[in-house]
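> Residue 63 in the working numbering sits at position 50 of the sequence shown, with consecutive numbering throughout. Ideal placement from N, C-alpha and C gives every residue a C-beta, glycine not left out. Note that this is a predicted model, so its numbers are computed, not measured.
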Amino acid sequence: MLNTIKILEKRKKLKERYLRLVEDAYNFRQTDHELSDISEYHAMQLLHKINKLKFLERDYTSLSS
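(1) Going by the beta-carbon positions, is the gap between Thr20 and Leu69 smaller than 8 Å?
(2) Take Leu48 and list the residues in its own chain whose beta-carbon comes closer than 6 Å to its own, dropping the five residues that flank it on each side.
(3) Grab me the residues of Lys23's own chain with a C-beta within less than 7 Å of its C-beta, minus the 5 sequence neighbours each way, in chain order.
(4) State the DSSP-derived secondary structure class of Asp45, mapped to helix, strand or coil.
(5) Going by beta carbon distance, what residues of the same chain come within less than 7 Å of Lys28, once the five residues before and after it are set aside?
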């Protein structure tokens, strides 16, 4: 139960950072393409971490059921 809560909190923080990076990438698109690409790359890495946590959360909930 405690692990599931930690996973949810971590996922929420990562999701907020992901959304901020996607917004930054969109805003930089008009002025600095390189910065936009870097922001998109970091956002994709965070999305990968978010998906890993979703998978772990699913495993914990199936074990506790």
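Once the coordinates are examined:
(1) Note that residue 20 is Ile in the sequence shown, not Thr. Contact flag set, yes.
(2) Phe41
(3) Leu66
(4) coil
(5) Ile63
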